[in-house]
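Novice:
2 protein chains.
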Amino acid sequence: MSKYIIVNEDFLPAAAASVLITDLAIQRGYGIFDFFKTIDGQLMFIDDHLDRFFHSAAEMHLPVSKSRAELEALLLTLMDKNGLPDSGIRITLTGGYSLDGYTPAAPNMIITQAAFKNPDFNAEGIRLITHEHQRQLAQVKTLDYLMAIRLQPLVKQQEADDVLYHYNGTVKECPRANFFIVTQDNEVITTANGILKGVVRKQLLKMSNSRFSIREKDISLEDLRQCKEAFITSSTKNILPVTAIDGQLVGDGTAGEVTTELAEKFKELIVQYVELR
Amino acid sequence: MSKYIIVNEDFLPAAAASVLITDLAIQRGYGIFDFFKTIDGQLMFIDDHLDRFFHSAAEMHLPVSKSRAELEALLLTLMDKNGLPDSGIRITLTGGYSLDGYTPAAPNMIITQAAFKNPDFNAEGIRLITHEHQRQLAQVKTLDYLMAIRLQPLVKQQEADDVLYHYNGTVKECPRANFFIVTQDNEVITTANGILKGVVRKQLLKMSNSRFSIREKDISLEDLRQCKEAFITSSTKNILPVTAIDGQLVGDGTAGEVTTELAEKFKELIVQYVELR
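Chains as they are written, first to last, in the numbering used here: chain R, 1 to 277; chain C, 1 to 277.
1) Can you check whether the C-beta of V199 (chain R) is within less than 9 Å of a C-beta belonging to chain C?
2) Quick check: S56 (chain C) and V182 (chain C), are their CB atoms within less than 9 Å of each other?
3) Note down the Cα distance separating T77 (chain R) from S18 (chain R), rounded to an integer number of angstroms.
4) Would E59 (chain C) and R150 (chain R) qualify as a contact pair, given that the criterion is a beta-carbon distance under 9 Å?
5) How many angstroms separate the CA atom of G113 (chain R) from the CA atom of L24 (chain R)?
6) Quick one: using the 10 Å Cβ neighbour count with 16 as the cut-off for buried, is T22 (chain C) buried or exposed?
7) Looking only at its chain, what residues have a beta carbon closer than 6 Å to the beta carbon of A230 (chain R), apart from the 5 residues adjacent to it on each side?
8) With distance defined between alpha-carbon atoms, name the residue in C:F121, C:K172, C:I232 nearest to S220 (chain C).
9) Taking the runs of the beta strand (DSSP E) that are 3 residues or longer, which of them lie wholly in the segment 218-250 of chain R?
10) Under 7 Å, CB to CB, which of the residues in the segment 157-178 of chain C have a partner in chain R?
11) Once DSSP output is grouped into helix, strand and coil, what is the label at H131 (chain C)?
12) With A123 (chain R) and A255 (chain R) assumed to form a contact (beta carbons below 8 Å), what rounded beta-carbon distance in angstroms separates them?
13) N284 (chain C) to K265 (chain C), Cα distance in whole Å?
14) Compute the beta-carbon to beta-carbon distance between L204 (chain R) and V163 (chain R), rounded to the nearest angstrom, for a pair I have assumed lies under 8 Å.
15) Would you check if there are 3 or more beta carbon pairs closer than 8 Å linking the segment 36-51 of chain C to the segment 40-54 of chain R?
16) Could you check how far apart the C-beta atoms of I89 (chain C) and I111 (chain C) are, in whole angstroms? I think they sit under 8 Å.
17) Does the distance from the CB of K237 (chain C) to the CB of N186 (chain C) come in under 9 Å?
18) List, in order along the chain, the chain C residues whose C-beta lies closer than 8 Å to that of R127 (chain R)?
19) Does DSSP classify V140 (chain R) as helix, strand or coil?
20) If V199 (chain C) and S235 (chain C) are in contact, beta carbons under 8 Å, what's the gap, nearest whole angstrom?
21) In its own chain, which residues sit with a C-beta less than 8 Å from the C-beta of D223 (chain C), not counting the 5 before and 5 after it?
22) Using the Cβ count rule (16 or more neighbours within 10 Å means buried), how would you classify N108 (chain C)?
23) Classify T103 (chain R): buried if its beta carbon has 16 or more other beta carbons within 10 angstroms, exposed otherwise.
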């Protein structure tokens with residue numbers, strides 16, 4: 001953890017940062033957040049993340065006490081005080097100190113920063129198990145990870161790394177990442193509906209061109225069985241191959257060609273983003 | 001709020017009770033709780049509530065550091081220190097101070113007490129609006145009230161008092177109460193599946209006899225339209241008539257005869273419970 005954490009107006013030593021137990025996050029799990037990386041001191045895809053942060057807050061009727069400009073200034077001050085050019089920053093907005101444990105009050109905003117190194121491409125990939133579940137309010141980045149955390153022992157027991165949700169025959173997402181397949185025709189597809197729309201996912205959809213067709217379209221369980229490659233995307237993981245699902249290898253069980261090439265292209269995009277700011 | 005709150009081993013002044021922001025309740029909304037009344041110093045239906053508390057904890061893989069006897073002793077000490085014979089007590093168990101913001105750690109247990117007077121029967125009742133939603137892990141009393149709290153402005157706008165969830169054509173529950181109908185044949189029915197099984201609901205089902213048939217069976221939306229009376233049950237509200245649903249009166253829009261008689265019988269049950277302990 002970093003030296004300083006912001007709780008509302010205050011920069012607090014990380015070990016001392018606390019909230020009263022009347023906060024609606026503790027009472028009712030009520031709140032939203034967003035998370036992004038910094039690389040070489042640059043706030044990665046910050047416009048997309050702040051768009052989503054303000055969208056999530058509005059969807060949950062949580063007023064943000066700071067303007068976007070004030071929030072950006074606060075983030076830069078935190079960067080300065082903590083001296084961590086390569087990091088992950090999380091902005092959490094809770095339901096606040098509720099008088100009756102049910103009605104939202106003025107939200108508490110908590111901003112944490114932790115050292116985090118942008119990972120290299122991991123060709124070994126990860127193994128998923130599937131689980132039938134549709135996240136509630138999927139398009140909002142809420143605090144709700146009940147199902148994901150409850151499933152952790154099962155994931156471990158199945159010798160897997162993470163969970164892939166599906167519902168009513170459609171593949172959805174991982175708890176903290178979007179999911180993509182590469183079809184036998186080399187089409188790159190990610191689920192369109194009932195998911196949180198990730199920032200890396202958005203960047204990837206913009207990379208669709210004559211060489212790669214990358215688009216959103218609901219993925220059926222049959223599509224999943226037939227796919228040639230699979231990968232997940234997230235702000236911490238970038239593009240990460242999925243090499244097995246429910247114990248069955250995807251393709252030959254190693255990172256596929258399209259996945260590897262897209263990961264390379266995304267790495268270039270990150271380098272450009274950092275250099276051009 | 002009371003004078004003292006318990007956080008793990010400590011009795012803290014209520015205004016000072018806090019948890020670090022690394023708690024998994026704040027990071028991921030992860031935790032469970034239970035809530036019960038005290039009347040004249042008696043812990044109401046405490047066996048049922050502790051059964052459910054330990055069940056919820058086990059379902060979410062959260063170890064409880066105290067035995068049941070230790071927990072009961074702790075509750076009595078809290079009662080003693082706070083001097084509130086008529087109260088509501090809440091025991092919360094969170095995912096603990098997670099090192100990575102995702103993996104559960106040793107849970108934090110928080111016990112709060114607040115003055116609360118057992119309410120008289122409210123013949124005026126309440127108005128509900130319906131909303132299509134199935135609570136995840138419905139049989140576990142988790143911290144997740146995202147949907148309920150998000151819907152509060154809509155409830156107010158519709159001049160109603162609370163929400164009734166239904167899903168796939170079946171009536172479920174209110175966010176903090178079970179739901180019952182009285183059919184045209186004077187059968188009393190409460191939804192069987194996809195709900196949190198409340199303690200007052202359980203007591204009521206035990207009251208089924210030759211005079212009243214009270215049973216659990218899934219209630220369809222058509223059953224809802226046809227019903228003669230409706231009411232909700234909860235530890236804070238006991239039996240409370242529902243007099244309108246989505247702006248349509250239930251029966252003649254006042255507390256029905258069966259509801260009123262059951263409320264009277266439940267009041268007697270409470271008196272007996274308090275006197276016999």
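Even for Gly, the Cβ is constructed at its ideal location relative to N, Cα and C.
Specialist: The structure says:
1) Numbered from its first residue, the first sequence carries residue 199 (chain R) at position 199. Chain C, which has no Cβ nearer than 9 Å to the Cβ of V199 (chain R), makes this no.
2) Here residue 56 (chain C) refers to the residue found at position 56 of the second sequence. Here residue 182 (chain C) refers to the residue found at position 182 of the second sequence. Contact: no.
3) For the purposes of this step, residue 77 (chain R) is taken as residue 77 along the first sequence, with counting starting at 1. For the purposes of this step, residue 18 (chain R) is taken as residue 18 along the first sequence, with counting starting at 1. One C-alpha to the other measures close to 20 Å.
4) As a first step, residue 59 (chain C) must be located in the second sequence, where it is residue number 59. As a first step, residue 150 (chain R) must be located in the first sequence, where it is residue number 150. Closer than 9 Å, so yes.
5) Working through the first sequence from its first residue, we reach residue 113 (chain R) at position 113. Working through the first sequence from its first residue, we reach residue 24 (chain R) at position 24. Position check: residue 113 (chain R) holds Gln in this sequence, whereas Gly was assumed. The alpha-carbon atoms of Q113 (chain R) and L24 (chain R) are separated by roughly 22 Å.
6) For the purposes of this step, residue 22 (chain C) is taken as the residue at position 22 of the second sequence. Answer is buried; the Cβ neighbour count reaches 16.
7) On the first sequence, residue 230 (chain R) is found 230 positions in, with the first residue counted as 1. Contacts found: I181, V242, V250.
8) In the second sequence, residue 220 (chain C) corresponds to position 220, counting from 1. Cα-wise, what sits closest to S220 (chain C) is C:K172.
9) DSSP runs (the beta strand (DSSP E)) wholly in the segment 218-250 of chain R: 229-234, 238-245.
10) none
11) Against the second sequence, residue 131 (chain C) aligns to sequence position 131. H131 (chain C) sits in a strand when the DSSP states are folded into three classes.
12) Stepping through the first sequence from its first residue, residue 123 (chain R) is reached at position 123. Stepping through the first sequence from its first residue, residue 255 (chain R) is reached at position 255. Correct: roughly 4 Å between the Cβ atoms.
13) Since the first residue of chain C shown is 1 and the last is 277, residue 284 (chain C) is not available in this structure.
14) Working through the first sequence from its first residue, we reach residue 204 (chain R) at position 204. Working through the first sequence from its first residue, we reach residue 163 (chain R) at position 163. At roughly 21 Å, the Cβ-Cβ gap does not stay under 8 Å, so L204 (chain R) and V163 (chain R) are not in contact.
15) Short answer: they don't touch.
16) If you number the second sequence from 1, residue 89 (chain C) lands on position 89. If you number the second sequence from 1, residue 111 (chain C) lands on position 111. The Cβ separation is near 7 Å, so the contact holds.
17) For the purposes of this step, residue 237 (chain C) is taken as residue 237 along the second sequence, with counting starting at 1. For the purposes of this step, residue 186 (chain C) is taken as residue 186 along the second sequence, with counting starting at 1. Their beta carbons are not under 9 Å apart, which means K237 (chain C) does not touch N186 (chain C) by this criterion.
18) Here residue 127 (chain R) corresponds to residue number 127 of the first sequence, with the count starting at 1. What R127 (chain R) touches in chain C: nothing, since even the nearest Cβ is about 18 Å away.
19) For the purposes of this step, residue 140 (chain R) is identified with residue 140 of the first sequence, where counting begins at 1. Residue state, collapsed to three classes: coil.
20) In the second sequence, the residue the question calls residue 199 (chain C) occupies position 199. In the second sequence, the residue the question calls residue 235 (chain C) occupies position 235. Contact flag correct, Cβ pair sits at about 6 Å.
21) Reading the second sequence from its first residue, position 223 is the one you call residue 223 (chain C). Result list for D223 (chain C): V171, I181, T183, I189, in chain order.
22) On the second sequence, residue 108 (chain C) is found 108 positions in, with the first residue counted as 1. When all chains shown are included, N108 (chain C) counts as buried.
23) The sequence position of residue 103 (chain R) within the first sequence is 103, counting from 1. Exposed is the call here.
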